[in-house]
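These notes are about the structure you will find just below.
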């Protein structure tokens, strides 16, 4: 086996005339590019970078100015390869070297920053994209690089580049679609990195450069195809940072409403293109870009003025990347802004929510072909084109359908797909998960988005309740406990009962709490106190809530709500639905004690009576039961009912149960420990036996 020899920077620096001796320069640059990480010592890495960056510096006699494109790109690729190791590449952080990289990246940055006399290459050229990769790696590996990039005007430059603008604000003519998508990927990554925890940078991008319009343009025109997922993911991460770190004013203005999460009205236009992507991407995997879409949607509030957009399903035409159009076109944005304004006027009143049942009858096909849905009268069909002199294909503002069931049902489909793929029934969340899967990072955003939707929109809450807790839900004991069943409801209830994923457990509980409108009694009726106890305890409710009696609706003509349930159901009659439910399990308690007693044989009755006598005997012998009450000298004993009532009210019974659970847990852990020790001992004996045979 041959050992890789270390490479030395002196072989490159010893080339006297690097402007003319192209073969030697080309050979040494390829050596650097193809070298293994262990072949380049940190000291040699710094020497290499200084030498190559010197060749890319300004000056009339600079080698890069006379190099052919392929050698010029090789030099940038060598810097990229050397810069992948954070040790030894700190020289890239120097202001002078950073200015060199900014010039070769063709970012629209002030000329005073670079002081280059030579004009940069076109923004979509291979050399410019290679320099953008160097900057992206530098910002990923070095926090200081992010600070210096921002200080050098990087945020403004990225915003201008996203707007396809040059240094003087002129429109740029871009190249092929594939080149543009790669450039957008790199610009999105730079935008994401330069905006992390930097409200000032975000403020510059939003207030001075209108980056929101540029982001809306790219999210609306990039085709949601697998080849473009990386670019969409980086742009969505930038959108999330813009919304999250924007320096909102402290005082409440007309552009923001009273809410916990700050918001600016200028960000309203982001919702529609993000929803277009949410419905257009066919995959249900919680991976980029769908996971980034979920995070962006989680950052957008359910304000009344944009609630109709939340309730709509966009009908996106076949998207085409408008590589030659300017995202700053006011006409294209005007169409989208007019659409949002028109949709906001369609917000239904509470009296109109009863009509949602007619639309939800077709829920099973609501996520099918958009052509089968009725068009929203507010959806404009006027084309939007750029005012740029370029001749790109016109973009059309997508039409939409009013359907509040679209968002929650697709989110539930994503949730079901996750369980089918990673935690298939009958496995539980606390069981061993696939390697690398972190439940606490993947499910909480999805569940939290469902929770916020149910809390903010009565229409969405009704859809979720009809999907998870339909009136036709099989609540017979023969179907098994709710938390042990296959389906969406069973998965959520198992999350509520898991112990190893507290954040996921809490968000699952909050979802059911929101679906039941924060009513503890309704929650216990629907899923049983046994499933709701942990959530209620967190909310300060230590015992079962009091029963609630609701009047039946007097209007018999109201059409029933029919929603494709997410949990297996059976046909039931009104009498079946009105049967009393067991307070602990939430199942039907359709057999009274008298009926059960009549069904027992005489022998079974005698056994039950014997168990009852033994129980009373143990209770009487218990010192707690035999305690005295009243003043001194008063030997009157409390009845068993009085004692048990007091213990229930004081919480002693709960404490006993907790102690029993702890004791049982200790017993199980001790048994597992003994089994593990026994297994280790047997393994050691086996090794000793096999070793002895050798």
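Numbering (UniProt numbering), first residue to last: 1 to 694.
We put the beta carbon where it would ideally sit given N, CA and C, even for glycine.
Runs of alpha helix (DSSP H) with 4 or more residues, each lying fully within the region 443-507, are found at 458-468 and 488-497, listed in chain order. When C-beta atoms of the region 431-450 are compared with those of the region 473-481, fewer than three pairs fall below 8 Å, so the two segments do not count as touching. Rounded to the nearest angstrom, the gap between the Cα atoms of residue 171 and residue 164 is 6 Å.
Residue 581 sits in a strand when the DSSP states are folded into three classes. Taking a contact to require three or more Cβ pairs closer than 8 Å, the region 303-314 and the region 275-285 qualify as touching. One alpha carbon belongs to residue 400, the other to residue 232, and they sit about 22 Å apart. No residue range can be given for residue 248, since it is assigned to no alpha helix (DSSP H) and is classified by DSSP as neither H nor E. Between residue 530 and residue 584, the C-beta gap is smaller than 8 Å, which places the two residues in contact. Exclusion of the five residues before and after residue 205 leaves 155, 159 and 211 as the residues of its chain whose Cβ lies within less than 6 Å of its Cβ. Sequence-distant partners of residue 193 (beyond 5 residues in either direction) whose C-beta falls short of 6 Å from its own C-beta, in its chain, are 139 and 146. In this structure, residue 521 sits away from residue 461, with a CB-CB distance that is not shorter than 8 Å.
Distances from the alpha-carbon of residue 81 to those of 104, 107 and 40 put 40 closest. Restricting attention to alpha helix (DSSP H) runs no shorter than 4 residues, the region 81-112 encloses them at 95-104, ordered along the chain. Annotated as distal: residue 497 and residue 510, with beta-carbon spacing of 8 Å or more. By the C-beta criterion, the region 86-100 is judged not to be in contact with the region 66-74, since fewer than 3 inter-stretch pairs fall below 8 Å.
A distance below 8 Å separates the beta carbons of residue 45 and residue 85. When secondary structure is reduced to three states using DSSP, residue 156 falls in the helix class. Ranked by Cα distance from residue 274, the options 296, 287, 261 and 283 are led by 296. The C-beta separation of residue 109 from residue 157 comes to about 4 Å, placing the pair in contact by the 8 Å criterion. For the options 266, 309 and 417, the alpha carbon positioned closest to that of residue 283 is the one of 417. Residue 234 is positioned such that its CB atom lies no closer than 8 Å to that of residue 267.
One Cα belongs to residue 610, the other to residue 684, and the distance between them is close to 52 Å. Taking a contact as a CB-CB distance under 8 Å, the pair residue 508 and residue 447 counts as one, their CB atoms being some 6 Å apart.
Residue 263 is not a Cβ neighbour of residue 308, given a cutoff of 8 Å. Restricting attention to beta strand (DSSP E) runs no shorter than 3 residues, the region 285-318 encloses them at 312-315, ordered along the chain. In the three-state reduction of the DSSP assignment, residue 268 falls in the helix class.
Residue 171 carries a strand assignment under DSSP once its states are collapsed to helix, strand and coil.
Around the beta carbon of residue 666, fewer than 16 other beta carbons sit within 10 angstroms, so the residue counts as exposed. Out of 36, 405, 443 and 131, the CA that lies nearest to the CA of residue 414 is found in 443. Taking the CA atoms as reference points, residue 167 sits about 11 Å from residue 119. The beta-carbon separation of residue 582 and residue 543, rounded to 16 Å, does not stay under the 8 Å limit for a contact. Of all alpha-carbon atoms in 525, 485, 439 and 449, the one lying nearest the alpha-carbon of residue 471 is that of 525.
For residue 458, the closest alpha carbon among the candidates 405, 16, 485 and 174 is that of 405. Secondary structure at residue 400: strand, using DSSP grouped into helix, strand and coil.
DSSP places residue 428 in the coil class of the three-state scheme, outside both helix and strand.
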